[in-house]
Amino acid sequence: MAKNEHRKEHDRLAEQRLTGLASELYSHFVDGKIPYVNMPSRTKNNIEFNENSDVWVYGGRESERSAKTVKGAFQLLKTSHVLDFLLNNHIGNNRGSTLRELYYISENWNIAKFKEQPESDRLIEDLEIISSLQREYFHMRPEEDGATLFGPLQLREETKRGDRDIHCQEDVGESGYQIPFNVENIDFIGHDAKFIIAIETGGMYARLIENGFDELNDAILVHLKGQPARSTRRMIKRMNEELGIPVVVFTDGDPWSYRIYASVAYGAIKSAHLSEFMATPAAKFVGVQPSDIVEYELSTDKLTDKDVDALRSELTDPRFETDYWKEQINLQLDIGKKAEQQAFAGKGLDFVTKTYLPDRLSDMDII
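Residue numbering for the sequence shown follows UniProt numbering, starting at 1 and increasing by one per position.
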């Protein structure tokens with residue numbers, strides 16, 4: 001299916017499902033019912049493993065949003081305004097807005113305006129859950145810049161100014177190719193990659209490029225920029241599934257970084273409704289492992305009380321319920337230390353690319 005046909009199909013689905021929700025709310029009024037919407041409970045206790053897709057998704061627990069309370073009535077009023085805006089301005093006129101713009105647009109909605117942006121952000125997430133569609137189908141754009149990638153990948157990107165063919169080593173600067181917010185506008189032309197390495201920090205991403213790690217190992221480097229954006233996770237999933245390229249994730253050695261890996265591989269709790277669309281269950285964790293801290297005697301920082309609480313929380317997080325993660329997390333709690341990716345620089349600027357990563361990736365049967 002051509003890309004413009006994809007867009008038409010996405011618009012049709014979005015219009016159908018958003019209109020269906022509006023019609024359902026309207027029918028409640030006609031039938032003399034108090035309007036309500038049911039949706040999955042968005043908590044750690046309501047995520048479960050889907051064996052068909054190998055990702056964590058929301059389970060059967062639901063919460064009700066209804067007009068029984070003043071707060072609930074206002075929420076449904078705001079929902080109605082957003083539905084009207086998305087259907088008539090975005091989909092109807094082929095326009096788009098950022099989440100920030102939506103917050104300011106609501107200034108014209110009188111008592112239905114949002115008090116703060118997190119409120120409008122959550123409503124868009126709610127509509128994703130209810131409609132089983134990504135916000136890109138609603139023409140909603142993220143506010144943040146996309147992450148970048150660098151490596152032996154050739155692609156074609158559809159832009160407002162026409163199609164562009166781009167080689168992600170030869171046609172880009174050292175910062176790499178910037179991933180667009182909607183990666184469905186990308187077609188893959190070809191690649192010479194043996195694996196994808198997704199990297200948490202900009203410093204390590206730059207180190208691998210400077211040391212020629214991509215050329216020496218036929219690797220596509222992806223800068224996650226901390227907690228990865230939706231488009232970054234979707235791009236990684238597409239490269240893995242459509243091109244058959246293995247994925248590994250390289251982060252700092254702390255509990256917050258392990259959650260970055262989990263969002264790539266298993267899906268984030270906040271966006272579990274989109275895990276099947278964005279998570280890459282085949283992604284493997286490279287490090288920094290707590291065992292690496294011990295083995296390589298890396299420079300460390302002491303775990304804070306918040307770090308310890310986060311690690312203990314991960315021991316009860318179903319996404320980390322494996323022997324590997326239990327062993328590593330308990331080891332980290334025992335040693336009371338954490339380490340950054342850049343700690344490898346203490347052993348020389350080439351150590352991470354000539355020693356650590358080749359050894360670790362060889363142990364994982366990646367290279």
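Glycine included, every Cβ here is placed at the ideal spot set by N, Cα and C. Keep in mind it's a predicted model, so treat the numbers as computed, not measured.
Can you grab the Cα-Cα spacing for the pair residue 156 / residue 163, in whole Å?
The alpha-carbon atoms of residue 156 and residue 163 are separated by roughly 7 Å.
Contact with chain B by residue 305, beta-carbon distance below 7 Å:
No chain B is present in this structure, which holds just one protein chain.
List the endpoints of the continuous beta strand (DSSP E) containing residue 223.
219-223
C-alpha gap between residue 219 and residue 173, whole angstroms:
17 Å
In three-state terms, what does DSSP make of residue 202?
helix
Label residue 69 either buried or exposed according to how many other C-beta atoms from any shown protein chain fall within 10 Å of its C-beta, with 16 as the threshold for buried.
exposed
Would you list, in sequence order, the uninterrupted alpha helix (DSSP H) runs of no fewer than 4 residues that lie entirely inside the stretch 229-259?
230-243
Could you say which of 303, 223 and 128 lies nearest to residue 202 if we only look at CA atoms?
223
So what's residue 317 in DSSP terms, helix, strand or just coil?
coil
Could you tell me the alpha carbon to alpha carbon distance between residue 253 and residue 347, rounded to whole angstroms?
17 Å
Give me the Cβ distance between residue 354 and residue 300, rounded to the nearest whole Å; I'm assuming they're in contact under 8 Å.
Contact flag wrong, Cβ pair sits at about 22 Å.
Counterpart residues of residue 197 in DSSP-defined beta bridges:
221 and 248
From this set, 283, 250 and 303, which residue's C-alpha is nearest residue 333's C-alpha?
303
Inter-stretch contact at 8 Å, needing at least 3 Cβ pairs: the stretch 257-268 / the stretch 202-215:
no
Skipping 5 residues on each side, what residues in its chain have a beta carbon closer than 8 Å to that of residue 372?
For residue 372 there is no data in the structure shown, the boundaries of the chain being 1 and 367.
Which first and last residues belong to the alpha helix (DSSP H) in which residue 293 is found?
290-295
Give a yes or no on contact between the stretch 236-245 and the stretch 179-197, applying the rule of three or more CB pairs nearer than 8 Å.
Look at the beta carbons and you see the stretch 236-245 touching the stretch 179-197: at least three pairs across the two are nearer than 8 Å.
Going by CA-CA distance only, name the one from 171, 150, 227 and 243 that's closest to residue 187.
243
How many Å lie between residue 14 and residue 349 at the Cα?
One C-alpha to the other measures close to 50 Å.
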